[in-house]
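Numbering (this note's numbering), first residue to last: 16 to 92.
One structure is given below, encoded as structure tokens.
Encoded structure:
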């Protein structure tokens, strides 16, 4: 599961849960970073999280590919 989620995050997918207003995504500025930091957004509050923590959150919170209310389906459009 982690490898699939990681490759999707690096490809611009957004994981989330619209009911809980919770999203994880990679900002475009982190595309070629050696250790990319992702955005973890919950109820409008943003936090930077490393990839491993983001993958743990996705698994524990059962987040799925989602449509972000402002960003849409893919952060690299």
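No residue lacks a Cβ here, since even glycine has one placed at the ideal position from N, Cα and C.
Values in this document were obtained by computation on a predicted structure and should not be read as measured data.
So, helix, strand or coil for residue i, using DSSP?
i          : result
residue 85 : coil
residue 50 : coil
residue 44 : helix
residue 60 : strand
residue 29 : coil
With a threshold of 7 Å on Cβ separation, who are the neighbours of residue i within its own chain once the five nearest residues in sequence on each side are excluded?
i          : result
residue 70 : 17, 20 and 21
residue 55 : 39, 62, 64, 69 and 72
residue 58 : 36
Near residue i, which residues of its chain fall below 6 Å by C-beta distance, leaving aside the five closest residues on each side in sequence?
i          : result
residue 92 : Because the pLDDT of residue 92 is 48, which lies under 50, any placement of that residue in the model is unreliable, and the number read from its coordinates should be weighed accordingly. Cβ neighbours of residue 92 beyond the five flanking positions: none.
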